[in-house]
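Everything below concerns the one structure shown next.
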């Protein structure tokens, strides 16, 4: 969507010179939207990276001056699971280690 808006409003495209600047602005908006929609910062980073990967696939490159994908992007599936936030691998209660202390 962000790339289509750049094509629709060329003044913004001229202000953000270079494909890498346009890709970064679009990726920042995507990352912020993903993080706010889910409430998870890891998902925001993954949204940023996925946007950069899609920009690279659509345009074949990200920008000028030798900045390429390996300099500006990471893996889009880098979600880090924190086992202490949920109940996925063990069925312990909210005070699991403390029940024996009673």
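In my numbering, the protein residues as written are 234 to 335.
We treat Cβ as the ideally placed atom computed from N, Cα and C, and that holds for glycine.
Nearest-angstrom beta carbon gap, residue j and residue i [assumed within contact, 8 Å]
{"i": "residue 281", "j": "residue 260", "result": "5 Å"}
{"i": "residue 271", "j": "residue 284", "result": "Not confirmed; about 15 Å, so no contact."}
{"i": "residue 255", "j": "residue 239", "result": "6 Å"}
Among the options, the one whose alpha carbon lies nearest that of residue i
{"i": "residue 287", "options": "268, 253, 274 and 269", "result": "253"}
{"i": "residue 289", "options": "268, 275, 257 and 244", "result": "257"}
Burial state of residue i, where buried means 16 or more other Cβ atoms lie within 10 Å
{"i": "residue 273", "result": "exposed"}
Every unbroken alpha helix (DSSP H) inside the region 241-291 [4 residues or more] = For the region 241-291, whole alpha helix (DSSP H) runs of length 4 or above, ordered along the chain, are 243-248 and 252-271.
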